[in-house]
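Undergrad: Sharing a structure with you now.
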């Protein structure tokens, strides 16, 4: 299985803001509970960083006055690990597990965001694949052959 197999699920979690957008606007975007990771893009639509719900809460929780109007680029993580549609889901899961990631951006070759994978979506897909293979093996062993 590849990332492209579950891209429609990842697309539902896609939240995008511009780097020069305000942090309080990003907080409002995150408040609808559709996702916990926002991809930050430049004017051309290419990913330049990410901001998590935790980053926003941490920053807004300590701001006062004009500090609450910080731009997203002042808070975003610029060094981002991402994946591509042709990446193996097993490889993506290994990265997520190794780095304790709950979410991972999916980008194309031009760094344009396509979606955000959740660890839960990846696990569901991998589990479904294992269950299918188990069913095929059971049918084969029981003498039913492949269908």
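In our numbering, the protein residues as written are -6 to 140. Here a beta-carbon is modelled for each residue, glycine too, at the ideal position from N, C-alpha and C.
Residue 89 lies in the beta strand (DSSP E); which residues open and close that run?
TA: Sequence index remark: in the chain shown, residue 89 carries index 96 (1-based). Where residue 89 is concerned, there is no enclosing beta strand (DSSP E), although the alpha helix (DSSP H) it sits in stretches over 82 to 92.
Undergrad: Flag this pair as touching only if the stretch 74 to 92 and the stretch 12 to 21 have three or more C-beta atom pairs under 8 angstroms; answer yes or no.
TA: Taking 8 angstroms as the limit for Cβ pairs, the verdict is that the stretch 12 to 21 does not touch the stretch 74 to 92.
Undergrad: Contact between the stretch 37 to 49 and the stretch 99 to 108: three or more CB pairs below 8 angstroms?
TA: They touch, by the three-pair rule.
Undergrad: How about residue 115 and residue 69: are their beta carbons less than 8 angstroms apart?
TA: If you number the chain shown from 1, residue 115 lands on position 122. If you number the chain shown from 1, residue 69 lands on position 76. For residue 115 and residue 69, no; Cβs fall outside 8 angstroms.
Undergrad: For residue -5, does the three-state DSSP call read helix, strand or coil?
TA: Taking the chain shown and counting its residues from 1, one reaches residue -5 at position 2. In this structure, residue -5 counts as strand in the three-state DSSP scheme.
Undergrad: If we call anything under 8 angstroms between Cβ atoms a contact, is residue 44 one with residue 65?
TA: Here residue 44 is taken as the residue at index 51 of the chain shown, counted from 1. Here residue 65 is taken as the residue at index 72 of the chain shown, counted from 1. Result yes, Cβ atoms of residue 44 and residue 65 sit closer than 8 angstroms.
Undergrad: Quick one: is residue 84 near chain C, going by C-beta distance under 8 angstroms?
TA: Although the question refers to chain C, the structure presented lacks it and comprises just one protein chain.
Undergrad: Grab me the residues of residue 95's own chain with a C-beta within less than 6 angstroms of its C-beta, minus the 5 sequence neighbours each way, in chain order.
TA: Sequence index remark: in the chain shown, residue 95 carries index 102 (1-based). Only 112 meet the Cβ criterion.
Undergrad: Pull up the CB-CB distance for residue 16 and residue 63, whole angstroms please, since I reckon it's below 8 angstroms.
TA: For this step, residue 16 is matched to residue 23 along the chain shown. For this step, residue 63 is matched to residue 70 along the chain shown. Rounded, the Cβ-Cβ distance is 5 angstroms, consistent with contact.
Undergrad: Going residue by residue through the stretch 11 to 89, where are the continuous beta strand (DSSP E) segments of at least 3 residues, counting only ones entirely within it?
TA: Counting only runs of 3 or more, we get 30 to 34 and 40 to 45.
Undergrad: Does the Cβ-Cβ distance between residue 75 and residue -5 come in under 8 angstroms?
TA: In the chain shown, the residue the question calls residue 75 occupies position 82. In the chain shown, the residue the question calls residue -5 occupies position 2. Not in contact: residue 75 and residue -5 (Cβ atoms no closer than 8 angstroms).
Undergrad: Going by beta-carbon coordinates alone, are residue 79 and residue -3 separated by less than 8 angstroms?
TA: Residue 79 sits at position 86 when you count from the first residue of the chain shown. Residue -3 sits at position 4 when you count from the first residue of the chain shown. In this structure, residue -3 lies closer than 8 angstroms to residue 79 by Cβ.
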